[in-house]
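Enquirer: Just dropping this structure here.
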Amino acid sequence: MRVAWDVLRGQGDEFRAEGDDLYVGDKKLNDWTQPVDLVKTLVGGTATVFRGDKRITTNVTKPDGTRAVGTPLAAGPARDTVLGKGEAFRGDADILGRAFFTAYDPIKDKNGKVIGVLYVGIPKDEALAAVASLRWSMGIGVLLATLLITGVIFALNRAMFRPLGSMNAAMQDLAKGATSTDIPGRERRDEIGRMAEALVSFRDAAIARERIEASSRASDAERQTAMAVLNESLRCVSQGDLSTTLGASFPASYAELRTNFNDALGALSTLVGTVLDSTDTIRNGATEIATASEDLARRTESNAASLEETAAAVTQMNGRVGETASAATRTVERADGAITIVSGGRAVADQAVQAMSRVAAGAKGIDSVIEGLDKIAFQTRVLAMNAAVEAGRAGEAGRGFAVVADLVSALAMRSEEEAARARDQLTATQTDIVSAVDAVEKVDSALSEIVGTVGEVHGLVARIATDNSAQSSAIGEISTAIGAMDRSTQQNAAMVEETSAAARNLSEQVDRLATQARAFRVQEEPRTARRDVFEVAGPTTAQ
8 MRVAWDVLRG QGDEFRAEGD DLYVGDKKLN DWTQPVDLVK TLVGGTATVF RGDKRITTNV
68 TKPDGTRAVG TPLAAGPARD TVLGKGEAFR GDADILGRAF FTAYDPIKDK NGKVIGVLYV
128 GIPKDEALAA VASLRWSMGI GVLLATLLIT GVIFALNRAM FRPLGSMNAA MQDLAKGATS
188 TDIPGRERRD EIGRMAEALV SFRDAAIARE RIEASSRASD AERQTAMAVL NESLRCVSQG
248 DLSTTLGASF PASYAELRTN FNDALGALST LVGTVLDSTD TIRNGATEIA TASEDLARRT
308 ESNAASLEET AAAVTQMNGR VGETASAATR TVERADGAIT IVSGGRAVAD QAVQAMSRVA
368 AGAKGIDSVI EGLDKIAFQT RVLAMNAAVE AGRAGEAGRG FAVVADLVSA LAMRSEEEAA
428 RARDQLTATQ TDIVSAVDAV EKVDSALSEI VGTVGEVHGL VARIATDNSA QSSAIGEIST
488 AIGAMDRSTQ QNAAMVEETS AAARNLSEQV DRLATQARAF RVQEEPRTAR RDVFEVAGPT
548 TAQ
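Numbering-wise (my numbering), the sequence shown opens with residue 8 and increments by one.
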């Protein structure tokens with residue numbers, strides 16, 4: 008199949024179909040027998056190119072000996088797989104009535120559409136005959152190779168393995184520990200000689216191992232002695248005895264360990280002595296700290312109580328100042344109301360003065376009217392007198408007219424009298440109006456003075472309210488600061504109590520440490536000297 012594809016792709020990589028013709032590149036595959044004949048020449052099989060399901064070039068022949076071009080692909084699994092599913096098919100197939108081992112590959116255009124089939128096959132009977140012939144040939148070859156290898160192995164066995172008997176005996180002696188055994192075959196330059204050299208190396212290694220084991224046994228004895236002495240010393244140390252040191256009985260090979268152990272034990276002894284010296288000082292200091300902390304705690308609690316009382320007093324003062332500020336604010340509001348009321352009263356008084364002025368003006372008009380009426384009455388009375396004179400002259404004929412003239416004269420006199428009374432009443436009214444205007448003007452002046460006074464009071468009370476507000480804010484800040492101081496003082500008191508408790512706990516821990524340190528038995532020497540030794544030896548040991 009690969010040969011057929013290589014021949015086709017030698018003409019191009021793209022397949023296309025034009026009607027019943029199939030092309031690869033520009034090469035038309037119809038009736039082009041080169042690829043199918045080349046397959047037959049190289050592998051001895053059959054090959055066919057299909058356009059769709061129709062053979063367009065093939066080396067398969069019909070019974071008459073002509074190429075089977077134009078015949079269709081037989082129905083079956085191969086056709087269904089390649090043309091139906093577009094997949095390759097490998098298996099048995101019947102081609103023109105003959106069984107073949109076949110391989111079918113779909114030929115697709117650039118769009119992936121199946122436009123043909125490439126087939127390569129071998130007749131089944133020919134393939135089976137070739138396999139049977141190959142099996143027979145391979146069987147004969149294997150038999151001949153087996154006989155040849157057997158002869159070679161036999162010859163090599165005689166040449167190479169004859170010395171192995173003596174070498175085996177030497178190996179058994181070495182296995183039993185006989186390191187003086189002589190190894191044969193060392194002079195050979197073949198595999199046997201290299202094996203003999205390996206046995207010599209094994210013998211030398213066994214001799215060296217015996218020496219090492221002897222040395223190891225001696226070292227084990229010294230190590231066991233050292234461990235026993237060291238174990239006894241550590242037992243004494245575990246019981247609190249720090250005066251036990253490693254003496255001359257300790258193995259010399261472990262001299263450095265003895266020196267380091269003795270130095271460490273001396274440093275530990277010095278440390279325990281120093282701890283015993285320091286516990287008293289720490290205990291006294293802790294006691295003093297606890298006492299001072301308790302005294303400071305009491306003072307802090309007293310200060311906290313005083314601050315709490317001060318905070319309460321300031322809070323109460325702040326409340327009173329706030330109430331005063333509220334009262335001043337209400338007073339200012341009342342003063343504003345009074346000013347408003349007085350201003351309204353002044354407006355009413357001004358309206359009354361204006362009304363009275365209008366009444367006075369009206370009274371003057373009435374006086375003019377009364378004066379006119381008085382003149383009319385006087386003229387009427389004069390006319391009545393003239394009429395009476397004329398009636399007297401008329402005699403009896405003018406008697407009635409004379410009566411009327413008398414009546415008119417009487418009415419005119421009464422009119423003058425009433426006009427005089429009205430003038431007197433109007434004069435009194437005008438006098439009262441003038442007095443009322445003066446009184447109202449005095450009331451307006453008094454109200455004006457009241458407005459000024461209330462305004463001054465308003466300003467003073469407003470300043471008082473402002474000052475009270477500022478004082479209230481300041482007192483509030485003071486109260487906040489005192490509250491913060493109170494909280495800080497309470498926290499300090501709690502911290503002092505914790506410090507006192509820690510100091511007491513430290514004193515108890517120091518007592519326990521001193522008790523545990525006294526359980527050790529140290530070397531009898533001044534503690535100061537031990538401290539000096541520790542201070543000098545400590546850094547040296549660390550190095």
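Just so you know, even glycine gets a beta-carbon here, dropped at the ideal spot from N, CA and C.
Using only the alpha-carbon positions, how far apart do Val31 and Gln41 sit?
Expert: Taking the straight line joining both Cα atoms gives about 14 Å.
Enquirer: What does Ala110 pair with, by DSSP beta-bridge criteria?
Expert: According to DSSP, Ala110 bridges with Arg97 and Val127.
Enquirer: Name the residue from Ala215, Pro258 and Ser245 whose alpha carbon lies nearest to the alpha carbon of Ala233.
Expert: When only C-alpha atoms are compared, the closest one is Pro258.
Enquirer: What residues in its chain sit with their C-beta under 8 Å from that of Asp493, if we drop five residues either side in the sequence?
Expert: Ala311, Leu314, Glu315 and Ala318, listed in sequence order.
Enquirer: Mapping the DSSP letters down to three states, classify Ile190 as helix, strand or coil.
Expert: Coil, per DSSP.
Enquirer: Quick one: measure Cβ to Cβ for Thr65 and Val43, integer angstroms, because I've assumed they're closer than 8 Å.
Expert: Yes, Thr65 and Val43 are in contact; Cβ-Cβ is about 6 Å, under 8 Å.
Enquirer: Do Tyr111 and Val76 have their C-beta atoms closer together than 9 Å?
Expert: No; because the gap between Cβ atoms is not below 9 Å, this pair is not in contact.
Enquirer: Output yes or no for whether 9 Å exceeds the beta carbon distance between Ser479 and Ala332.
Expert: The answer is yes: Cβ separation under 9 Å.
Enquirer: Assuming Leu29 is part of the beta strand (DSSP E), what are its boundary residues?
Expert: Element bounds for Leu29: Asp28 to Val31.
Enquirer: Which of helix, strand or coil does DSSP assign to Phe22?
Expert: Strand at Phe22.
Enquirer: Quick one: Cα of Glu133 to Cα of Asp28, how far?
Expert: Roughly 33 Å between the two C-alpha positions.
Enquirer: Give the DSSP-derived three-state secondary structure of Ala510 in the structure shown.
Expert: In the structure shown, Ala510 sits in a helix (DSSP, three-state: H, G or I).
Enquirer: With a threshold of 16 other CB atoms inside 10 Å of the CB of Thr52, please say whether the residue is buried or exposed.
Expert: Residue identity check: residue 52 is Gly in the sequence provided, not Thr. With 16 or more Cβ atoms within 10 Å of its Cβ, Gly52 is classed as buried.
Enquirer: Indicate the three-state DSSP secondary structure (helix, strand or coil) for Pro79 in the structure shown.
Expert: Strand.
Enquirer: Between which two residues does the beta strand (DSSP E) containing Lys47 stretch?
Expert: Unbroken run through Lys47 is the alpha helix (DSSP H), Gln41 to Val50; no beta strand (DSSP E).
Enquirer: Hey, how far is the Cα of Ala488 from the Cα of Thr288?
Expert: Their backbone Cα atoms lie some 42 Å apart in a straight line.
Enquirer: Going by Cα to Cα distance, which pick from Glu204, Ala398, Phe385 and Phe22 is closest to Asn118?
Expert: Cα-wise, what sits closest to Asn118 is Phe22.
Enquirer: So who's on the other strand from Thr68, going by DSSP bridges?
Expert: DSSP, once it has assigned bridges, lists Arg74 as partnering Thr68.
Enquirer: Any idea if Arg519 is buried or exposed, counting beta-carbon neighbours within 10 angstroms, 16 or more meaning buried?
Expert: With fewer than 16 Cβ atoms within 10 Å of its Cβ, Arg519 is classed as exposed.
Enquirer: With a threshold of 16 other CB atoms inside 10 Å of the CB of Ser507, please say whether the residue is buried or exposed.
Expert: Buried, by the Cβ-count rule.
Enquirer: According to DSSP, which residues form a beta bridge with Arg406?
Expert: DSSP output for Arg406 lists no bridge partner at all.
Enquirer: If contacts are defined as beta-carbon pairs under 8 Å, then Val450 and Met363 qualify, I think. What distance do you get, rounded to the angstrom?
Expert: About 12 Å; that fails the 8 Å criterion.
Enquirer: Apply the 10 Å Cβ neighbour rule to Leu49 and answer buried if 16 or more other Cβ atoms are within range, or exposed otherwise.
Expert: Leu49 is exposed by the Cβ-count criterion.
Enquirer: Report yes or no: do three or more beta-carbon pairs, one from the region 70-87 and one from the region 95-106, lie closer than 8 Å?
Expert: Judged by Cβ distances under 8 Å, the region 70-87 makes contact with the region 95-106, as three or more pairs qualify.
Enquirer: How would you call Asn325, buried or exposed, if buried means at least 16 neighbouring beta carbons within 10 angstroms?
Expert: Asn325 should be labelled buried.
Enquirer: Rounding to the nearest angstrom, what Cα-Cα distance links Arg534 and Thr277 in this structure?
Expert: Low local confidence applies: a pLDDT of 45 at Arg534 is under 50, so the model's placement there is unreliable, with the coordinate-based value given in what follows. Roughly 7 Å separates the two Cα atoms.
Enquirer: Please work out which residues of its chain come closer than 8 Å, Cβ to Cβ, to Trp12, disregarding the five sequence neighbours upstream and downstream, and give them in chain order.
Expert: Correct list, in chain order: Asp112 and Leu125.
Enquirer: Quick check: does the Cβ of Arg86 come within less than 8 Å of any heavy atom belonging to the ligand ATP?
Expert: As for the ligand ATP, it is missing from this structure, which has no ligand bound.
Enquirer: Going by other Cβ atoms of all chains shown within 10 Å of its Cβ, with 16 needed for buried, is Gly26 buried or exposed?
Expert: Label assigned to Gly26: exposed.
Enquirer: Leaving out the 5 sequence neighbours to the left and right, which residues in its chain are closer than 7 Å to Gly462 when beta-carbon positions are compared?
Expert: The residues are Ile346.
Enquirer: In the region 315-397, which residue ranges form an unbroken beta strand (DSSP E) of at least 3 residues, counting only runs that do not cross its ends?
Expert: None, since the region 315-397 contains no complete beta strand (DSSP E) of that length.
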